[in-house]
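Working notes for the structure below.
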Amino acid sequence: MVPKELLHTVVLDQLAECKLAAMTVKREMLERIAVKTTARALIIKGVRRCGKSTALKQLMAERFKGKFFYLNFDDERLIGFEADDFQKLMEVFIELFGNRPAIFLDEIQNVRGWELFVNRLLREGRNVFITGSNANLLSRELGTHLTGRHLDYELYPFSFSEYLALRGVDLPRQAASTSQKTLLLKEFKKYMEEGGMPEAAISRNPAVLGQTIEDIVQKDIIRRYSVRKPNELRGVLRFLIANASNKITFNSICDNFRIKSPVTAQNYVNYAEDTCLIFTVRKYERKIKLLDKNPKKLYCIDNGIIARHSSGAIQQMGALLENLVAVELKRRNCFFYYYMNKNGSETDFAILAEETPKKITQVLQACLDPSDVLTMQREEKALLSTLNETGLSEGLVVTLDFEETKKKEGKAIRYVPAWKWLLEG
Numbered sequence: 010m011v012p013k014e015l016l017h018t019v020v021l022d023q024l025a026e027c028k029l030a031a032m033t034v035k036r037e038m039l040e041r042i043a044v045k046t047t048a049r050a051l052i053i054k055g056v057r058r059c060g061k062s063t064a065l066k067q068l069m070a071e072r073f074k075g076k077f078f079y080l081n082f083d084d085e086r087l088i089g090f091e092a093d094d095f096q097k098l099m100e101v102f103i104e105l106f107g108n109r110p111a112i113f114l115d116e117i118q119n120v121r122g123w124e125l126f127v128n129r130l131l132r133e134g135r136n137v138f139i140t141g142s143n144a145n146l147l148s149r150e151l152g153t154h155l156t157g158r159h160l161d162y163e164l165y166p167f168s169f170s171e172y173l174a175l176r177g178v179d180l181p182r183q184a185a186s187t188s189q190k191t192l193l194l195k196e197f198k199k200y201m202e203e204g205g206m207p208e209a210a211i212s213r214n215p216a217v218l219g220q221t222i223e224d225i226v227q228k229d230i231i232r233r234y235s236v237r238k239p240n241e242l243r244g245v246l247r248f249l250i251a252n253a254s255n256k257i258t259f260n261s262i263c264d265n266f267r268i269k270s271p272v273t274a275q276n277y278v279n280y281a282e283d284t285c286l287i288f289t290v291r292k293y294e295r296k297i298k299l300l301d302k303n304p305k306k307l308y309c310i311d312n313g314i315i316a317r318h319s320s321g322a323i324q325q326m327g328a329l330l331e332n333l334v335a336v337e338l339k340r341r342n343c344f345f346y347y348y349m350n351k352n353g354s355e356t357d358f359a360i361l362a363e364e365t366p367k368k369i370t371q372v373l374q375a376c377l378d379p380s381d382v383l384t385m386q387r388e389e390k391a392l393l394s395t396l397n398e399t400g401l402s403e404g405l406v407v408t409l410d411f412e413e414t415k416k417k418e419g420k421a422i423r424y425v426p427a428w429k430w431l432l433e434g
């Protein structure tokens, strides 16, 4: 339980912080959000520290002009907040500000029973906006009590265009000049290595990412799931991050950390996915029952986090490029798999029009530098095999700085620099 007097203090303190918060870069996701409805709660999910709170504050300032209630539950003074405290919270809000149509609740997954409170707010006709760092937990509780009464959005670290806006780089409205291309490539290399987590990008201090990981471990995993071996968990998370863009199996995790049960390894991976820190991609199969029979490829939500946990400059750069492409496909709401050809070669991404394994609409490779003859031959061989097997006429190769379109065996292969592909999206 939290005393009403303390709630009063916290609400006023957080409101002052909200007004002082730097509105750095307007998040592109906000353009997709419709707020003129009280029938559904609007949920913004995403990894911790990706900018959900700032996005929420931007939404408050732009759409509600100060006519809202706000509380961030990620506050040590609110440890012990229980479902019974929600009524006291509403009393504090109304006593301080009168009745307001919108309520913003930040990191609400920290409170058990929150979904019942949200349901009541919706019945009262209020606009409800929620953020959370545990995607699975939110989905599970929403599915139980708010079926059909919520709209979900996922916020990612800065996109490349948001990163450029932060750096004050104007986007070319027409074809980029030579000097613009040089600048965009320079900024892209920084973005690919440093990532787009807002706090790290703004401060240019990657050390803050270490604290972000520790906060995820402590607040989003250990506290929620009562993990008995926290150091083992930390080791597995570092292993997962360092192996971004690679295939993993639960047995390989067990072997590396002497974990007795693959179920424990699976739990650790699931916890990391629930926090939106990582995501896995399955091998494309036409039969749904075969989807989970093969190793999954692993990706991390931010390249800056990978760079802090990896070594080997050349290999790492290739993994960073592939990881960046995977995150961008997620940002674009694409459904994708990796594709294994009958000859054993692999194409990084097979994109579908829908989530279920139906017809593939696009195939895509990530290749840092295909200018080397042997590298180009290997990439084209895999891509052509995939194009032939899927019946597609064109494939895409995202590169660091190589650009060319060629015809081969009746198929088109388009090489495009990553900075250009990202800005085309």
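Read in order, the letters of the sequence shown correspond to residues 10 to 434 in my numbering.
For every residue, glycine included, the Cβ atom is placed at its ideal position computed from N, Cα and C.
It should be emphasised that the depicted structure is a prediction, and the values quoted were computed from it without experimental measurement.
Have a look at the DSSP bridge pairing and note the partners of residue i.
i, result
"F78", "I112"
"T414", "R423"
"Y277", "None, per the DSSP bridge assignment."
"K198", "DSSP output for K198 lists no bridge partner at all."
"H17", "The partner list for H17 (beta bridge, DSSP) is empty, contrary to what the question assumes."
"K54", "G141 and E163"
"I257", "K305"
"N332", "In the DSSP output, where bridge partners are listed per residue, N332 has none listed."
"I287", "C309"
"N136", "A111"
Could you check whether residue j and residue i sit closer than 7 Å to each other, using their CB atoms as the reference points?
i, j, result
"L164", "C59", "yes"
"A70", "V137", "no"
"K420", "L393", "yes"
"V372", "T356", "yes"
"P379", "F344", "no"
"K54", "G141", "yes"
"W428", "F197", "yes"
"I360", "T399", "no"
"F82", "R109", "no"
"L249", "I310", "no"
"N350", "L329", "no"
"R135", "I112", "yes"
"R36", "A64", "yes"
"N332", "S402", "no"
"V101", "L15", "no"
"R57", "I314", "no"
"F169", "L338", "no"
"C27", "K66", "yes"
"V120", "F73", "no"
Using C-beta distances below 7 Å, list every residue in its chain close to residue i, excluding the 5 sequence neighbours before and after it, in chain order.
i, result
"C266", "The sequence as given places Phe at residue 266; Cys does not occur at that position. Closer than 7 Å at the Cβ level, and outside the excluded window around F266, lie E241, G244 and V245."
"T258", "P304"
"Y234", "Y280"
"P271", "F259, N260 and C263"
"L87", "V11 and V19"
"G327", "L377"
"L130", "I112 and V137"
"S354", "K390, A391 and S394"
"G219", "R317"
Who are the Cβ neighbours of residue i in its own chain at under 6 Å, not counting the five residues just before and after it?
i, result
"Y172", "Y200 and G205"
"K306", "K256, V290 and Y347"
"C376", "E388, V406 and T408"
"R423", "L405 and T414"
"S319", "A251 and Q325"
"A316", "E202"
"K61", "I53, G55, T140 and L164"
"I323", "Caution is warranted here: a pLDDT of 49 is assigned to I323, below 50, making its placement in the model unreliable, and no coordinate value can be reported."
"V334", "A375 and V407"
"R247", "H318"
"L300", "R291 and E294"
"A274", "F259, I262, C263 and I268"
At a threshold of 6 Å, does residue i count as lining the ligand FMN (C-beta to nearest heavy atom)?
i, result
"F288", "With respect to the ligand FMN, the structure offers nothing, as it holds no ligand at all."
Excluding five sequence neighbours on each side, which residues of the same chain lie with their C-beta closer than 8 Å to the C-beta of residue i?
i, result
"N252", "L307"
At the 7 Å Cβ level, is residue i part of the contact set with chain D, yes or no?
i, result
"S188", "Here chain D cannot be found, since the structure has a single protein chain."
*Can we say the region 111-119 touches the region 163-180, given the rule of at least three CB pairs closer than 8 Å?*
no
*Just checking, does the region 230-249 make contact with the region 273-286 on the three C-beta pairs under 8 Å criterion?*
In short, these stretches touch, since the Cβ pair count reaches three.
*Taking 8 Å as the threshold, find out whether the region 292-299 comes into contact with the region 188-196 through three or more Cβ pairs.*
no
_Ignoring anything shorter than 3 residues, give me the beta strand (DSSP E) runs that lie fully in the region 343-413, in order along the chain._
For the region 343-413, whole beta strand (DSSP E) runs of length 3 or above, ordered along the chain, are 344-349, 355-361, 369-375 and 403-408.
*Three-pair Cβ contact test at 8 Å for the region 14-29 versus the region 155-170*: no
_Whole beta strand (DSSP E) elements within the region 290-325, 3-residue minimum_ = 305-309
*Looking at C-beta atoms only, is the number of pairs between the region 204-224 and the region 90-103 that lie closer than 8 Å three or more?*
Short answer: they don't touch.
*Completely contained alpha helix (DSSP H) runs for the region 211-265, where each covers 4 or more residues*: 217-224 and 239-251
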